[in-house]
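Numbering (my numbering), first residue to last: 30 to 721. Down below is the structure, laid out as structure tokens.
Next up, the structure:
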């Protein structure tokens, strides 16, 4: 249908619709220049000074079976935290990460307990998951975990200490059970931290379960820690993935049964045996197999020694008051063990009282304003904003001058789209602390969300008066100026921000988009290339580079960019659409239609793809199918002038005069300043059709 195609070329920008370049929110980048260098190392090991999302790395604390732990500085709350990230084996794709994240959130959702290590955040950053926990500093001897105590070579732990820590551990597991955690799955000395005050902190709730679910259907993975110890691993038994540390896994789990509380009791029985005997390895791991650097040697030892020992009915003996307790924990059949940690705690408490006359209790944390503020901030980070607001209101009931609570309540309200209320919270926070850059920034973001761009810019300017070297207000101001059509000023803001942080990919991307809008396509391509030098996996940059190359007529190169984006993210509908456009311009319309179909299979409401598919069908002479596509586009966006115009011409060509008249009338009705040519053509044709 050449005639139709020629008419559509009157549409400003050409006869088809590109997917809009992706402008990224300006808060999706890091506040310092080492952030992008960190991204390049996220798959391996981070270095001191690297910035990952909301944290600055200070040093590596250790490597476990499934990940690495870092000491980090929280940029949000100005405190030291421990930051865990998984090894590549457990972050294969988005499905794996989501499975792990769901389980890790169960740990974050645990309410405070004195004998549970608090996990405060789980976040995904550049395709990797990170878990933030409280940082437990070493004691004067450098010990942090129970494993550190056992490797010190001091022999059996003092019976009183063993019993106290055993009771504290049971209380922590009982608390977890109340909050929905059915099984820990990886109880061992390395996951039991000992605070400087000498109290137990149980760690890594849900992580083994997350790994187990993430690895379902995948090959087994045997992991050895940095010290040569066998770590939390994944293996297959009777067709299902099982996660845990060999030497601590209950025999029924080794046989393919689901883990439960009594499986955890077995694992803790092994730990009690180690405390009572002073051994730094499980009794089911023969001497000489406790530490190995050779993975093949580990596999051989597991098959020939460790698993047979665990699956036998023999129970290792230990003397002293713990002997009968350990024996019952390690019974082969789970029904012969304790019924739960509460029952085990009863025996440990009776033995402790008999030995020392004392009992252990779990102190309650005072519910201060700081407590409710921290809890609200964590809930907000999890997206549970209504619950966060309840906590923050409690903080403000206790202390109406708590500036962080006002700020965090504003963040929660803003996340719910309640921007006017959020602005009121930020204003209250600014009455208390008028020089808080983040509060000025966030108030500006809420004003921007309401379309009050000039007021938003005023907030960003106030933030820059306080800190001219802060990247965020420069970026936010650039976005606001862009929205107001003040593109040259916006470019200047992004350039100022990039002077401060030349590794911020979002800034390069957004600067490139504005340059492209100004017709400065070569400069735009240079910006996208900067992004890809920093992060070759940035799908948005590949797409936007393709768009600019397309506009320069370099269509084969553009197709290569879209193909690269789709290798990284096969569900990126904008890239499917834009690849289709480039193919259509090259006359490869059947291939173009396949691209549009791929986009629509992912998002059936992607109106632009329906329109562009219609154009390609139109050019192939498949008029009825083309009209069907325009109808689908108009069902999504009834004010799409180009779709009405394309439909009208096809109806006109088929002699459906009444339908064509109605469609041309819609072009005139909805045609704005940007569609004057289409409106004029529609009026001309309507006059012709209405003549007698």
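Think of the CB as a built atom: it goes at the ideal place given N, C-alpha and C, for glycine as much as any other residue.
Beta-carbon spacing of residue i, residue j below 8 Å
i, j, result
"residue 575", "residue 590", "yes"
"residue 198", "residue 144", "yes"
"residue 231", "residue 223", "no"
"residue 663", "residue 672", "yes"
"residue 477", "residue 485", "yes"
"residue 435", "residue 420", "no"
"residue 479", "residue 468", "no"
"residue 179", "residue 91", "no"
"residue 374", "residue 497", "no"
"residue 97", "residue 161", "no"
"residue 600", "residue 637", "no"
"residue 464", "residue 418", "no"
"residue 543", "residue 520", "yes"
"residue 21", "residue 538", "Given a span of 30 to 721 for the chain in the structure shown, any question on residue 21 remains unanswerable."
"residue 584", "residue 615", "yes"
"residue 351", "residue 301", "yes"
"residue 573", "residue 610", "no"
Cβ-based burial, residue i [other Cβ within 10 Å; buried from 16]
i, result
"residue 382", "exposed"
"residue 592", "exposed"
"residue 508", "buried"
"residue 53", "Unreliable placement is indicated for residue 53, whose pLDDT of 43 sits below 50; no coordinate value is reported for it."
"residue 472", "buried"
"residue 150", "buried"
"residue 658", "buried"
"residue 687", "exposed"
"residue 85", "buried"
"residue 291", "buried"
"residue 490", "exposed"
"residue 531", "exposed"
"residue 303", "buried"
"residue 563", "buried"
"residue 166", "exposed"
"residue 716", "exposed"
"residue 59", "Model confidence at residue 59 stands at a pLDDT of 31, short of 50, so the residue's coordinates are unreliable; what they give is reported in the following sentence. By the 10 Å Cβ count, residue 59 comes out buried."
Own chain partners of residue i with C-beta closer than 6 Å, once the 5 adjacent residues on each side are dropped
i, result
"residue 475", "443, 448, 451, 452"
"residue 545", "553, 577"
"residue 654", "646"
"residue 107", "none"
"residue 605", "624, 627, 628"
"residue 56", "Bear in mind that the predicted position of residue 56 carries a pLDDT of just 39, short of 50, making it too unreliable to give a figure here."
"residue 13", "In the structure displayed, the chain extends from 30 to 721; residue 13 sits before or after that span and is not available."
"residue 503", "522, 525, 526"
Spatial neighbours of residue i in its chain, beta-carbon cut-off 7 Å, leaving aside the 5 residues before and after
i, result
"residue 349", "188, 305"
"residue 367", "294, 357, 358, 373"
"residue 431", "398, 402, 424, 425"
"residue 297", "198, 216, 358"
"residue 567", "534, 560, 561"
"residue 193", "381, 389"
"residue 550", "577, 580, 581"
"residue 229", "144, 194, 197, 198, 201, 221, 223"
"residue 114", "96, 97, 157, 158, 159"
Counterpart residues of residue i in DSSP-defined beta bridges
i, result
"residue 91", "98"
"residue 378", "Answer is none; residue 378 lacks a bridge partner."
"residue 111", "100, 162"
"residue 148", "162"
"residue 230", "222"
"residue 86", "101"
"residue 174", "222"
"residue 80", "85"
Whole-number beta carbon distance between residue j and residue i, since they are thought to touch under 8 Å
i, j, result
"residue 215", "residue 273", "5 Å"
"residue 725", "residue 378", "This structure gives no information on residue 725, because the portion of the chain shown stretches from 30 to 721."
"residue 313", "residue 285", "The pair is not a contact, with the Cβ atoms about 18 Å apart (cut-off 8 Å)."
"residue 169", "residue 147", "That pair is no contact at about 24 Å."
"residue 682", "residue 696", "That pair is no contact at about 16 Å."
"residue 618", "residue 594", "Between residue 594 and residue 618 the Cβ distance is about 21 Å, and since that is not below 8 Å, they are no contact."
"residue 159", "residue 81", "7 Å"
"residue 670", "residue 643", "With a Cβ gap of about 14 Å, residue 670 and residue 643 do not count as contacting."
"residue 140", "residue 208", "7 Å"
"residue 219", "residue 176", "5 Å"
8 Å Cβ shell around residue i - same chain, five flanking residues per side excluded
i, result
"residue 461", "430, 432, 435"
"residue 49", "Because residue 49 sits at a pLDDT of 44, beneath the cut-off of 50, its placement in the model cannot be relied upon, and the following sentence gives the value as read from the coordinates. Same-chain partners within the cutoff: 603."
"residue 409", "417, 437, 440, 441, 444"
Minimum Cβ-Cβ distance from residue i to chain C less than 8 Å
i, result
"residue 380", "You won't find chain C in this structure, because it holds only one protein chain."
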